[in-house]
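Colleague: Before I ask anything, here is the structure I am working with.
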């Protein structure tokens, strides 16, 4: 895996999003707590 400046949480989000294509599921798997807030920011 290439070295990045992303936090581990953000890296997990990116990997899960690329795998599933579902930003809410990726956020949950990355450990973000409030998906309601994430939906409003999109």
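Numbering (full-length UniProt numbering), first residue to last: 1 to 42.
Where a beta carbon is used, it is the ideal one built from N, C-alpha and C, also for glycine.
Since the model is a prediction, treat every value here as computed from it, not as a measurement.
#1: Kindly list the residues whose CB is nearer than 7 Å to the CB of residue 17, restricted to its own chain and excluding five residues on each side of it in sequence; keep chain order.
#2: Less than 8 Å between the beta carbons of residue 12 and residue 29, yes or no?
#3: Would you identify the three-state DSSP class for residue 32, choosing helix, strand or coil?
#4: Can you tell me which of the three DSSP states residue 24 falls into?
Modeller: Reading it off the structure:
#1: Reading the chain shown from its first residue, position 17 is the one you call residue 17. Taken in chain order, the residues that qualify are 23, 26.
#2: Within the chain shown, numbered from 1, the residue matching residue 12 stands at position 12. Within the chain shown, numbered from 1, the residue matching residue 29 stands at position 29. In this structure, residue 29 lies closer than 8 Å to residue 12 by Cβ.
#3: Walking along the chain shown from the start, residue 32 turns up at place 32. If DSSP states are grouped into helix, strand and coil, residue 32 belongs with coil.
#4: Numbered from its first residue, the chain shown carries residue 24 at position 24. Annotated three-state conformation of residue 24 is helix, per DSSP.
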